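Asks:
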Amino acid sequence: MMPPHGSAPSPFTLTPAPTPSTRSVRVRAEGYLDYDTCDDFLVKATRYLDRIPAPDVLHLDCSGIDGLDSMGLAALLMLHRRCTAARVALNLERLHPTVDRILRLTGTLEHLAPGSVPSGATTRPGDQGRPSPGLDGDV
């Protein structure tokens, strides 16, 4: 997904946020996660994990992620792999609707955020968990 034509993507930042647990890390992500920003994202996210000895969970607040391209998606998958290898749970929280949609379209939402409830979407009986309306063009 590209930023709107003629506009530059917002700069990407990761900001640590307070967490009640000494064994967890909370980070807020903001901007456009893409080819140009994904390496920095992985380096910074890994550094935040390394600050705490034996963390249990990384909470990644995704409400500020404006969008992502295939490299941004690959970076989220790589972060998930790194967390899994370190036995750290990765919780993608407050998914921006654009990110939620991309993860659903690529079939990676359940892998990256098991049990996620789409932001603002509901399900209808018989839809087997498909969001409604609009994500898949249904009304």
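When we follow this note's numbering, the leftmost residue of the sequence shown carries the number 64, and every step to the right adds one. Ideal placement from N, C-alpha and C gives every residue a C-beta, glycine not left out. This one's a predicted model, so the numbers in the text were calculated from it and none came from an experiment.
In the DSSP assignment, what residue or residues form a beta bridge with V151?
Replies: Paired residue(s): none; V151 is not in a bridge.
Asks: Report, in whole angstroms, the separation of the C-beta atoms of T82 and R89, which I expect to be a contact under 8 Å.
Replies: 4 Å
Asks: From what residue to what residue does the beta strand (DSSP E) around L211 run?
Replies: Here the chain has residues from 64 to 202 only, and residue 211 is not among them.
Asks: Hey, quick one: how far does the beta strand (DSSP E) through A80 stretch, first residue to last?
Replies: T76 to A80
Asks: In chain order, which alpha helix (DSSP H) runs of at least 4 residues are fully inside the segment 77-145?
Replies: Uninterrupted alpha helix (DSSP H) stretches at least 4 residues long and entirely within the segment 77-145 occur at 101-113, given in chain order.
Asks: Who are the Cβ neighbours of E156 in its own chain at under 6 Å, not counting the five residues just before and after it?
Replies: H122 and D124
Asks: Check whether the Cβ atoms of L142 and L105 lie closer than 8 Å to each other.
Replies: Closer than 8 Å, so yes.
Asks: Would you kindly work out how many angstroms separate the C-alpha atoms of R144 and L153, rounded to a whole number?
Replies: 9 Å
Asks: Report the residue from T78, G170 and A117 whose alpha carbon sits nearest the alpha carbon of D103.
Replies: T78
Asks: Within 10 angstroms of its Cβ, does P74 collect 16 or more other Cβ (buried), or is it exposed?
Replies: exposed
Asks: Report the rounded CA-to-CA distance for S84 versus P160, giving the unit in angstroms.
Replies: 28 Å
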